[in-house]
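In the numbering used here, the protein residues as written are 2 to 312.
Here's what the structure looks like:
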């Protein structure tokens, strides 16, 4: 492996930004994003605007940077939106990953690459799911992440790379886009408290159980896996605790400074909702010693406080 810098793709995104903050003391740190980062986000890093679907741009950037370690977080992240944007989802998650690996091979860069896949590839289960759990992607997004995994696991043989696949379960925290459930609920509560919205939260299906971690714990797991994970391995990153989405919503509503009611909105229902998705992170803990540090209650407090601070 070469002695080049650490590279984060998708560094201006939700998890990418938190990972960049965690690695801010890493020297040198190169951050790729398609859009300019938020002002003040890790100014010590070398930021480059790279479109991973521009094959020639990716080849040139890889040749110039020649990274030793890559956290590949770039991609299209939303399950619900994938039903109406199947082609961009497949391109952003599969083709972009292929272009990155192809560029590394052509440049002769032998890097360790951590790829953030998704727990949505699993079949629903009433029990916590380990890495050998049944695979049954239930959305275009999940299908794209499974294809991304398959391309990644070929990279050691085809591209000479040392790879790790991460199946991340749900995570949230400050700066997550309100297209996702937890920040959507928190943002609505903050708007209601400021008098900018009627005191009603409209939600879709609240029955599914999800394993929800704090993003700051999740990116710590990524770093632990980069340092101590087994090459070619697949790892869940999860808390191991499943909660109905309704419990998450009601926990946030209980923190509201004003009275809030909840109504079901059929327009927010997805064509398909996985009933339960809870992870078994035994392999991650065994190989790295990682464990979550941020309690569920603190995660919700910080999420709501973030949206209260937005004007």
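Glycine residues also receive a C-beta, built at the ideal position from the N, C-alpha and C atoms.
As computed with DSSP, residue 119 is found in a beta bridge with 169.
By the neighbour-count criterion, in which 16 or more other beta carbons inside 10 Å mark a residue as buried, residue 189 falls on the buried side. Taking 4 residues as the minimum length, the alpha helix (DSSP H) runs contained wholly in the region 177-258 are 182-194, 216-229 and 246-254, in order along the chain. A check of alpha carbon separations from residue 54 across 34, 69 and 44 identifies 34 as the nearest. According to the DSSP secondary-structure assignment, residue 9 is paired through a beta bridge with 32 and 72.
Distances from the alpha-carbon of residue 13 to those of 119, 242, 48 and 218 put 48 closest. Burial check for residue 209: the Cβ neighbour count within 10 Å reaches 16 or more, so the residue is buried. At a Cβ-Cβ threshold of 7 Å, residue 247 and residue 207 count as neighbours.
Excluding sequence positions up to five before and after residue 106, its CB lies within less than 6 Å of the CB of 160, all in the same chain and listed in chain order.
Around the CB of residue 230, 16 or more other CB atoms lie within 10 Å, so the residue is classed as buried. Leaving aside the five residues that flank residue 31 on each side, the residues in its chain whose CB is nearer than 6 Å to its CB run, in chain order, 6, 8, 47 and 66. Contact annotation: residue 142 and residue 80 have beta-carbon atoms nearer than 7 Å.
Beta-bridge partners assigned by DSSP to residue 49: 33. Pairing residue 75 with residue 119, the inter-Cα distance amounts to about 13 Å. Annotated as proximal: residue 236 and residue 226, with beta-carbon spacing under 7 Å.
For residue 132, there is no enclosing alpha helix (DSSP H), as DSSP marks it with neither H nor E. For residue 265, the enclosing beta strand (DSSP E) starts and ends at 262-265. By the neighbour-count criterion, in which 16 or more other beta carbons inside 10 Å mark a residue as buried, residue 218 falls on the buried side. Bounds of any alpha helix (DSSP H) do not take in residue 4, whose DSSP letter is neither H nor E.
Residue 95 sits close to residue 149, with the two beta carbons spaced by under 7 Å.
Inclusion of residue 183 and residue 308 in the CB contact set at 7 Å is not warranted, their separation being larger than that value. CA-to-CA, the gap between residue 41 and residue 19 works out to about 13 Å.
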